[in-house]
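Below is one structure, written out as structure tokens; comments come after it.
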Amino acid sequence: MTKLVAFGDSIFAGWDGKENVSANQRIPELIGQHLGWQVANVAIGGTKYDNSSNGFTAMVNKTDVSGFDYALVSYGVNNFSWPEALATVKQNAVNGFEALKRKNPNIKILLELPTEDFRQGSKTLYDVNNAFWNQNQLDDMLIDVAKQEGLEYYDWRPDPLITYENANQTLGDGNTGVHPTKATMRAIAQRLAEKFKQMAGGTVQPSPPPHIDPPHDNPPKTDKPENKPQPPVVKTVDELRLDRLADLFGIGTNVSNGINRTLNKINELYSQMHNLMGTDSKQVQATLIAPDNALTRPLRNYVLLSFFNLEREVNELISLCNSNWLCDPETGAKTSLLRLLRVDSLATDAHYKDTVNYNWYLIENKLNTLIGYINKILKGE
């Protein structure tokens, strides 16, 4: 039987913000149930990437990993809330992974990036802690470690299960906490189990395409053309992809392009809602004229008002979808409204750029959620 060892903090140890869940409801054990693997969960609450007696490296040194095929490692939330210098966290993570590989050179390691932590008052991945770094920087650093050490990793940021907007439902300690509910633990385990399936080369063979027979060793010869009807091609809605701001001297161009792409996608979704559900036809357009890229007060005001307008337009679409019960088909949950960050800093610095980029991420995530619901209807799922 395949064997998995899991290293982590209270999230893997089963604390849901109110109580300890039973062992068979913890994330590593749920992964084992999904995959039919044997699991050893050595997670301890309050631990992190450090050199303490229960830190990652110490737990690796205490654990006999010689018989394990896979390792799952998930720390970081406590590093963010009770921080050291980010370079120190990185070195402690590297030390632990190198110790793990020395003890079992054949073990396959999955590094799970931490889910979002709200315990110190943060509401976004870009809010800094008292060591002056943020959760987004922590995630980027851990990806660097994974690449350096040849590890697989799972990054929650493109499709997060836990956000500030839904934390009161997904976390047992709500939007001032970090600990997932039992339902969220199950969802996390499902995601990570799928990642392990990929690492193992896949455990389910893909089905052959409709109306096409799988290949034979000696396929029958025929002079007749293929007359089997083919399924109709369903045109779905492409996901929204917005460029991130890379150059502070290109703010005006970046925001103008982002506005146009976002409004075009909103108009496409309004058209789909009209066709699918008979809602009123509606089209939106930009109302502000973009200045040039000079770092001036008119540009600052343009960016500030543009995100205000985008938030309003996205939320009007969300409200329409919610009122027509276009929502999560599994839970029936309606889509929460979009809350963008105010881009009102007087300094156009790295924090300003991070704020702009986080707003693009929030817009993408919210509209792509609606696109996913619409595509399920289009495909008849």
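Numbering-wise (full-length UniProt numbering), the sequence shown opens with residue 1 and increments by one. Cβ coordinates follow ideal geometry from the N, Cα and C atoms, glycine included. Just so you know, these numbers come straight off a predicted model, no measurement behind them.
Simplified DSSP assignment, three categories, for residue i
i, result
"Leu-304", "helix"
"Tyr-373", "helix"
"Asn-293", "coil"
"Val-60", "helix"
"residue 391", "A question about residue 391 goes unanswered here, because the residues of the chain that appear run from 1 up to 381."
"Leu-242", "coil"
"Asn-324", "coil"
"Tyr-270", "helix"
"Leu-317", "helix"
"Val-73", "strand"
"Lys-282", "coil"
"Met-277", "helix"
"Ser-81", "helix"
"Thr-331", "coil"
"Phe-68", "coil"
"Asn-54", "coil"
"Ile-363", "helix"
"Ala-347", "coil"
Nonlocal neighbours in the same chain, by C-beta distance under 8 angstroms from residue i, ignoring five residues either side
i, result
"Glu-52", "Residue identity check: residue 52 is Ser in the sequence provided, not Glu. Cβ neighbours of Ser-52 beyond the five flanking positions: Ala-58."
"Gly-45", "Asp-9, Ser-10, Ala-13 and Trp-15"
"Leu-370", "Leu-269, Leu-317, Ile-318, Cys-321, Leu-326 and Thr-335"
Cβ shell of residue i (< 6 angstroms), same chain only, five flanking positions each side left out
i, result
"Glu-364", "Leu-240 and Leu-242"
"Glu-226", "Confidence at Glu-226 is low in this model, with a pLDDT of 49, below 50, so the placement of that residue should be treated as unreliable; the coordinate-derived value is given next. Excluding sequence neighbours, Glu-226 sits near nothing in its chain."
"Pro-220", "Residue placement at Pro-220 is poorly supported in this model, since its pLDDT is 45, which falls under 50; the coordinates still yield a value, given next. Cβ within range, chain order: n/a, list empty."
"Tyr-164", "Lys-123 and Asn-175"
"residue 395", "This structure leaves residue 395 out entirely; the chain is present only between 1 and 381."
Own chain residues within Cβ distance below 7 angstroms of residue i, not counting five before or after
i, result
"Glu-29", "Ala-23, Val-39 and Asn-41"
"Lys-376", "Pro-329"
"Asn-61", "Ala-99"
"Ala-333", "Cys-327"
"Lys-282", "Tyr-270"
Presumed contact (8 angstroms Cβ cut-off) between residue i and residue j, rounded CB distance
i, j, result
"Ile-109", "Leu-138", "Contact doesn't hold; Cβ gap of about 18 angstroms is too wide."
"Val-73", "Glu-112", "7 angstroms"
"Leu-346", "Ile-318", "In fact, because the Cβ distance is near 31 angstroms, the residues do not count as touching under 8 angstroms."
"Phe-68", "Asn-104", "6 angstroms"
"Leu-171", "His-179", "6 angstroms"
"Val-284", "Glu-313", "5 angstroms"
"Ala-71", "Phe-7", "7 angstroms"
is_contact[residue i, chain D] using C-beta, thresh 8 angstroms
i, result
"Ser-81", "Absent from the structure is chain D; it holds one protein chain and no more."
Q) Which ranges does the beta strand (DSSP E) cover as unbroken runs of at least 3 residues, wholly within the stretch 92 to 160, from first to last along the chain? A) 108 to 112 and 152 to 154
Q.
Assess contact between the stretch 245 to 255 and the stretch 301 to 318, defined as three or more Cβ pairs (one per stretch) separated by less than 8 angstroms. Is contact present?
A. yes
Q. Which ranges would you report for the alpha helix (DSSP H) in the stretch 155 to 202 if only whole runs of at least 4 residues count?
A. 167 to 170 and 182 to 199
Q: Entirely within the stretch 10 to 50 and at least 3 residues each: give me those beta strand (DSSP E) ranges in chain order.
A: 38 to 41
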